[in-house]
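This report refers to the structure that appears directly beneath it.
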Amino acid sequence: MKFIQDPSFLSRRRFLTSASSGLGSLALASLLRRDSLRAKEAIQTNPLSPRPPQIPARAQNCIFIFLAGGTSQIELFDPKPKLHEMTGQKLPDSFFKNERFAFIKPEQSLLMGSHFPYRNYGRCGMEMSELLPHVGSCADDITLIRSMYTDQFDHAPAEILFSTGTETPGRPSAGAWVAYGLGSESANLPGYVVLMTARGPVSRSSTWGSGFLPTNYAGVLFSNQGEPVLNLSNPPGVTPAMQRAQIDAVKRLNRRQYESVLDPEIASRIASYELAFRMQMTTPELIDLRSEAPKTHSAYGTERTGESGSFSQNCLLARRLVERGVRFVSIFHRKWDHHSRIREGLDENCRIVDQPIGALVKDLKQRGLLDNTVVVWGTEFGRTPITQNQKPGPDSGRDHHRFGFSLWMAGGGVKGGCVVGKTDEFGWHAVEDRTHVNDFHATLLHLFGLDHHKLTYNFKGLDVRLTNQGGKIVEKALL
């Protein structure tokens, strides 16, 4: 149903009951202490009060850029000369044994090398596609992991696995776990904000939800134009004083109900109303990008129109959010599912995302924010080194590929100019320093100073964690 799935139909009531908490004038510690929160530090005043890390932290914020659909590692990050030489030939049958794919028929699919040449970038000489000159110019700050793999080959379960550590819907997202473990440095904004260009991921809010964690930790969907959150502004004739009185009255009722039934979601609702009141004052200034210098707008490409302009504005807005203490920002762009015409599709998409992502990394570095902010380029899986049921050519595409793909990180304790892992000569299997999605999660939490074994939440009698299905820290990616 459109009114449920479309973020433009997000109601004020739904926002107020699901947004992360703000400063919160109530002393919520007594209400939330019994709420089975298992982070070592007790929440003193509200669920998003800043809390110290469990171990020494290298990052304080994250900007997670998720390119939904499955970006092609073959064209962008993982050069394969042998694959290029064998374009048009059959892949040995042994590669297909006992494996399932979304659409390809092995007998009709042929090897296909990259449609685009690679270049060496930075002092480190990192190889990336010529489609990514701006991202490539940041190579000396990037760790590129070429040996990612996952368990799922369909979009929704793969997105949910990448976001929550399991393919089962209803689990907390990585951003929610980080907000739960550390709180937020911002009193007037959510701890976790979601930005979206064009269509979002297939799995929608499952990729940024809080699952069984209190809803204070869920991602809050923002717009980069108009009202940041629909219906957040007061209607005509409602003054701030009237709104304050209304919130106080509702708060008293909610508190009375909480003391009666001891439902932690009521405590979350109390704090959410407080945050919404503060956001009415702070978010208009946040999304007003006119205060940025002309050279900043030029660097990000915010003057562009359509999806390009929207994505550029989201990258700039992400920087402004972490400047204001927001712990975790997700940026979604979904147009990377190239089952056909992959050459044309990648050229178009890279023109949209390359400039603003490169500008974001450089801007964070110039402002001294990159040392404390980890930037991630991620996707749910890669693309097959073979065509999808046709001969290689300009109309060819690639199917979903879970056995080997690429991801990169920059800043926040990440080793720059570094390549971790490799795939085989065809780019089919990750064969060296194999990195599962859960390993990435363990590494991300480690950068934030969170022990992925100890960051738990008691749900139905079980201590649950982001890496319940396993996970090891990718030490080679770290400083």
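If you want the numbering used here, it's the position in the sequence shown, counting the first as 1, plus 127.
For each residue, glycine too, the CB sits at the ideal point set by N, CA and C.
Because the structure is a prediction, the values reported are computed rather than measured.
| Asked | Found |
| --- | --- |
| Whole alpha helix (DSSP H) elements within the region 445 to 507, 4-residue minimum | 469 to 493 |
| Enclosing beta strand (DSSP E) for Arg-178 [first to last residue] | Unbroken run through Arg-178: none, as it is neither H nor E. |
| Nonlocal neighbours in the same chain, by C-beta distance under 7 Å from Gln-369, ignoring five residues either side | Before going on, a small fix: residue 369 reads as Met here, not Gln. Within the same chain, Met-369 has no close Cβ partners at all. |
| Assigned exposure category for Ile-182 - 16 Cβ within 10 Å defines buried | exposed |
| Short Cβ contact (7 Å threshold) for Phe-455 with Val-305 | yes |
| Same chain only: Cβ atoms within 6 Å of Gly-538, ignoring 5 sequence neighbours per side | Leu-497, Thr-500, Val-501, Val-502 |
| At least three beta-carbon pairs within less than 8 Å, the region 457 to 477 to the region 181 to 200 | yes |
| Per-residue burial, Arg-227 [other beta carbons within 10 Å of its own, 16 or more giving buried] | exposed |
| Cα-Cα separation, Val-321 to Leu-443 | 13 Å |
| Gln-200 Cβ short of 6 Å to the ligand ZN heavy atom set | Among the ligands in the structure shown, none appear at all, so the ligand ZN cannot be discussed. |
| Start-to-end residues for the alpha helix (DSSP H) that takes in Met-275 | Segment 269 to 276 is the beta strand (DSSP E) holding Met-275; no alpha helix (DSSP H) there. |
| Alpha helix (DSSP H) segment containing Asp-375, residue limits | 367 to 388 |
| Below-7 Å beta-carbon distance, Pro-519 vs any chain D residue | Here there is only one protein chain, and chain D is not present. |
| Which of helix, strand or coil DSSP assigns to His-568 | helix |
| Test item: CB-CB of Ile-192 and Ile-414 under 7 Å | no |
| Chain-order list of residues whose beta-carbon lies under 8 Å from that of Gly-436 (same chain, five-residue window excluded) | Gly-428, Thr-429, Glu-430 |
| Straight-line gap, Ile-170 to Leu-340 (C-alpha atoms, nearest Å) | Because Ile-170 carries a pLDDT of 35, less than 50, the predicted location of this residue cannot be relied on, and the following value inherits that uncertainty. Using only the alpha carbons, I get a separation of about 14 Å. |
| Through-space distance from Lys-232 to Ile-190, alpha-carbon basis | 38 Å |
| Local conformation of Glu-254 per DSSP, three classes | strand |
| Beta-carbon proximity of Ala-569 to Gly-598, cut-off 7 Å | yes |
| Buried or exposed by the 16-neighbour rule on C-beta atoms within 10 Å, applied to Asn-381 | buried |
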